[in-house]
Amino acid sequence: MAIFAIGDLHLSLGGDKPMDVFPGWEGYLPKLEAKWRTLIQDTDTVILAGDTSWAMRLQDTKADFDFLQSLPGQKWMLKGNHDYWWTTARKMESYLAANGWDTLHILHNNCCMVGNLALCGSRGWPFDDAAAQSAKIMAREAGRLQLSLAAGQEAEERIAFLHYPPVFGTACAQDLVDVLRAHGVQRCYYGHLHGKAIRYAVQGEREGIRYKLISADGLAFCPYKVCD
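Residue numbers for the sequence shown follow the working numbering, so the first one is 3 and each next one is one higher.
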């Protein structure tokens, strides 16, 4: 029952927004599928760290979710800044159930328990957007992360997954980092960064928390094994 993670799949199987037009993304979907099927088994868990589908509405995700359902493993999706299809957890869970996608789940104000590990997460917020960092918005995002981590408080370890990086270079979304520290999080995985921004990603330990970038192109489209 291994745990894997990858973010920013940007699927567009039911739309007209293929990522293949961007440098480094050419033919990425067959690469992703081949690596996924080689590494991951049905008993494994995969965290999808946001920006899963380019669909604008929930009902337009069908082709993308059919593809994910066909892949091995239980997949838990958290929200990214391009997941415009995202709505309430109840509506999304009902939609998944109605379509028989029993390997797809929503990670939002909750946690995924795998053995004695709690997999927690939320979207987070961009540290580099001053307009976005109002006290109200940051408090909301920190609150969502708090709820997720609190849901796993009985676990031996809580592992955090965010879409936005909580740290980048010397910058820091302090409210979110404070929540991570308050809950004793030692490992945090995040996505969002692409292309040239990847080289500036914080990888490794900073003030007691080990960070790892898991955006799809940052991983060469190979899901990252978090633990066995």
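Idealized CB from N, CA, C, for every residue including glycine.
Please classify E175 as buried or exposed, where buried requires at least 16 neighbouring CB atoms within 10 angstroms.
Rather than Glu, the amino acid found at residue 175 in this sequence is Ala. With 16 or more other Cβ atoms within 10 Å, it is buried.
Can you tell me whether DSSP reads Y202 as helix, strand or coil?
helix
For G210, tell me which candidate among K227, C190, L195 has the shortest Cα-Cα distance.
C190
Tell me the rounded alpha-carbon separation between Q61 and D104.
17 Å
How is I1 classed by DSSP in three states: helix, strand or coil?
With the chain covering 3 to 230 only, the question about residue 1 has no answer from this structure.
Under 8 Å, with one C-beta from each stretch per pair, do the stretch 80 to 91 and the stretch 26 to 34 reach the 3-pair mark?
no
Measure from the alpha carbon of I161 to the alpha carbon of each residue in A141, L182, V169, G145, then state which is nearest.
L182
Whole alpha helix (DSSP H) elements within the stretch 143 to 208, 4-residue minimum
176 to 184
Please state whether the Cβ-Cβ distance between G102 and A51 is less than 8 Å.
no
Could you pull out every unbroken alpha helix (DSSP H) segment of at least 4 residues lying fully inside the stretch 49 to 105, listed in chain order?
64 to 72, 91 to 100
Count Cβ pairs between the stretch 138 to 146 and the stretch 120 to 128 that sit closer than 8 Å; are there 3 or more?
yes
Can you give me the C-alpha to C-alpha distance between D66 and V116, rounded to a whole angstrom?
25 Å
From K81 to F170, what distance separates their C-alpha atoms?
19 Å
For V48 and I42, the rounded distance between their alpha carbons:
9 Å
Enumerate in chain order the residues of its own chain whose CB-to-CB distance from N112 is below 7 Å, with the five nearest sequence positions on each side excluded.
S150, A153
Assign G206 to buried or exposed, taking buried as 16 or more other Cβ atoms, counted over all protein chains shown, within 10 Å of its Cβ.
exposed
R212 - DSSP class collapsed to helix/strand/coil:
strand
Can you have a look at T45 and say buried or exposed, based on whether 16 or more other CB atoms are within 10 angstroms of its CB?
exposed
For K19, does the three-state DSSP call read helix, strand or coil?
coil
F223 and Y30 look like a contact to me (Cβ under 8 Å); what is the Cβ gap, rounded to whole Å?
5 Å
Quick check on the DSSP output: the beta strand (DSSP E) that includes L121 runs from which residue to which?
119 to 124
Measure from the alpha carbon of L70 to the alpha carbon of each residue in L15, K138, G123, D22, then state which is nearest.
L15
Taking the DSSP output, what are the residues bridged to K248?
As shown, the chain starts at 3 and ends at 230. That puts residue 248 outside it, with no answer to give.
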